[in-house]
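Student:
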């Protein structure tokens, strides 16, 4: 019996956001094919049910009236291994998707092997989001995500940054002019936590603070102080503390 690794040469990911309201509601189809060695991609992303929204309402949510996107091209083949690993460790569900979700169709030498529904929906949705972000970076539609961070203890100021290069699936940590590659899963988890709390822009500054504490800039030029301008939403999840700890570990780990 041939192993999955040798037999599967591609995947088709199809997603429907389900009951999420516009302008956020969308569908996409992402076709991935590595039968020739390269990772060929075809993406069709379409935002749905926007007919009843005004342009102003769409802009107010941070979107534009022309957010649909289609792309055909190649991605760095570094993504093939994590895709196969996720596929091989996934348990498949016999239940239909009712309120939106993602389906996975394996391809064997270009042949459709039938639609499957992964039970680990969130993992597949995150993988698809990462791949779409990789496409956006590869075609220069979006820049790599960069977080600047300052830790002030006594008279010691430590400035550092974390840059996520989805296009090559690599995260670079930089401190005092020296940079190193850090673990992908660790960095992505930290990035998710960074965007969990509330950011109070009325307290934001254009320069990082110099008093004892921790300060973060999520790429839009504004600096927020953790615990003052960045506050936890969920009292049972201390995201602010986890951000501090995550960056402190990176700063200390040479």
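In our numbering, the protein residues as written are 273 to 526.
Positions of the beta carbon are idealized from the N, C-alpha and C atoms, including for glycine.
Within a Cβ cutoff of 8 Å, which residues of the same chain sit near residue 409, ignoring the five residues on either side of it in sequence?
Tutor: Numbered from 1 along the chain shown, position 137 holds the residue referred to as residue 409. For residue 409, where only same-chain residues beyond five positions count, the Cβ hits under 8 Å are 415, 416, 437, 438 and 439.
Student: From the DSSP output, in three-state form, read off residue 300 for me.
Tutor: To locate residue 300, count along the chain shown from 1; it is residue 28. Residue 300: strand per DSSP, three-state reduction.
Student: Contact defined as beta carbons within less than 8 Å: I believe residue 514 pairs with residue 465. What is the distance between those atoms, to the nearest angstrom?
Tutor: By one-based count along the chain shown, residue 514 stands at place 242. By one-based count along the chain shown, residue 465 stands at place 193. At roughly 5 Å, the Cβ-Cβ gap stays under 8 Å, so residue 514 and residue 465 are in contact.
Student: Look at the alpha carbon of residue 380 and the alpha carbon of residue 412, and state the distance between them as a whole number of angstroms.
Tutor: For the purposes of this step, residue 380 is identified with residue 108 of the chain shown, where counting begins at 1. For the purposes of this step, residue 412 is identified with residue 140 of the chain shown, where counting begins at 1. Residue 380 and residue 412: Cα-Cα distance of roughly 31 Å.
Student: Can you tell me the Cβ-Cβ gap for residue 488 and residue 498, rounded? I've got them flagged as a contact below 8 Å.
Tutor: By 1-based counting over the chain shown, the position of residue 488 is 216. By 1-based counting over the chain shown, the position of residue 498 is 226. Sure, about 6 Å apart at Cβ, within 8 Å.
Student: Name the DSSP bridge partner or partners of residue 445?
Tutor: Counting from one through the chain shown, the residue named residue 445 turns up at place 173. Per DSSP, 434 and 452.
Student: Can you give the Cα-Cα distance for residue 420 and residue 320, rounded to whole angstroms?
Tutor: Taking the first residue of the chain shown as 1, we reach residue 420 at position 148. Taking the first residue of the chain shown as 1, we reach residue 320 at position 48. Each residue's alpha carbon lies about 35 Å from the other.
Student: Once DSSP output is grouped into helix, strand and coil, what is the label at residue 517?
Tutor: Taking the first residue of the chain shown as position 1, residue 517 is located at position 245. Reduced to three states, the DSSP call for residue 517 is helix.
Student: Within the region 467–492, note down every full beta strand (DSSP E) run reaching 3 residues or more, in order along the chain.
Tutor: Counting whole runs of 3 or more residues, the region 467–492 contains the beta strand (DSSP E) stretches 485–489.
Student: Output needed for residue 520: all residues of its chain with C-beta closer than 8 Å, excluding positions within five of it in sequence on either side, in chain order.
Tutor: Numbered from its first residue, the chain shown carries residue 520 at position 248. Contacts found: 423.
Student: If we count the other Cβ atoms within 10 Å of its Cβ and call it buried at 16 or more, is residue 387 buried or exposed?
Tutor: Locating residue 387 in the chain shown gives position 115, counting from the first residue. Classification for residue 387: exposed.
Student: Which value, in whole angstroms, describes the spacing of the CA atoms of residue 432 and residue 495?
Tutor: Reading the chain shown from its first residue, position 160 is the one you call residue 432. Reading the chain shown from its first residue, position 223 is the one you call residue 495. C-alpha separation (whole angstroms): 13 Å.
Student: Does DSSP put residue 349 in a helix, in a strand, or in coil?
Tutor: Position 77 of the chain shown, counted from the start, is the residue given in the question as residue 349. Note: residue 349 maps to helix in three-state DSSP.
Student: So what does residue 312 bridge to, in DSSP terms?
Tutor: On the chain shown, position 40 is the one that residue 312 refers to. BP columns for residue 312 point to 305 and 346.
Student: In terms of residues, what are the limits of the beta strand (DSSP E) holding residue 286?
Tutor: On the chain shown, position 14 is the one that residue 286 refers to. Note, residue 286: beta strand (DSSP E), 282–288.
Student: Pick out the complete beta strand (DSSP E) segments inside the region 339–404, 3 residues or longer, and give them in chain order.
Tutor: Qualifying beta strand (DSSP E) stretches, in chain order: 341–347 and 373–380.
Student: Within its chain, find whatever has a CB closer than 8 Å to the CB of residue 418; leave out the 5 residues flanking it on each side and keep chain order.
Tutor: Here residue 418 is taken as the residue at index 146 of the chain shown, counted from 1. Cβ within range, chain order: 433, 434, 435, 436 and 491.
Student: Reducing DSSP to helix, strand and coil, say where residue 411 ends up.
Tutor: Mapped onto the chain shown, residue 411 falls at position 139. The answer is coil: DSSP assigns residue 411 none of H, G, I, E or B.
Student: With distances taken Cα to Cα, identify the nearest neighbour of residue 341 among 327, 335, 318 and 313.
Tutor: Stepping through the chain shown from its first residue, residue 341 is reached at position 69. Answer by Cα proximity: 318.
Student: By the three-class DSSP mapping on this structure, what secondary structure does residue 421 have?
Tutor: One-based indexing of the chain shown puts residue 421 at position 149. The answer is strand: DSSP assigns residue 421 an E or B state.
Student: Give me, in chain order, the residues of the same chain whose beta-carbon lies closer than 7 Å to that of residue 305; leave out the 5 immediate sequence neighbours on both sides.
Tutor: The residue given as residue 305 occupies position 33 in the chain shown. 281, 282, 312 and 379, listed in sequence order.
Student: Please state whether the Cβ-Cβ distance between residue 343 and residue 407 is less than 8 Å.
Tutor: Taking the first residue of the chain shown as 1, we reach residue 343 at position 71. Taking the first residue of the chain shown as 1, we reach residue 407 at position 135. Cβ atoms of residue 343 and residue 407: closer than 8 Å.
Student: Does the separation of the CB atoms of residue 544 and residue 374 fall below 8 Å?
Tutor: Missing from the structure shown is residue 544; the chain here goes from 273 to 526 and no further.
Student: Relative to the C-alpha of residue 482, which candidate in 297, 429 and 518 has its C-alpha closest?
Tutor: Along the chain shown, one-based indexing puts residue 482 at 210. That would be 429, whose Cα lies nearest to the Cα of residue 482.
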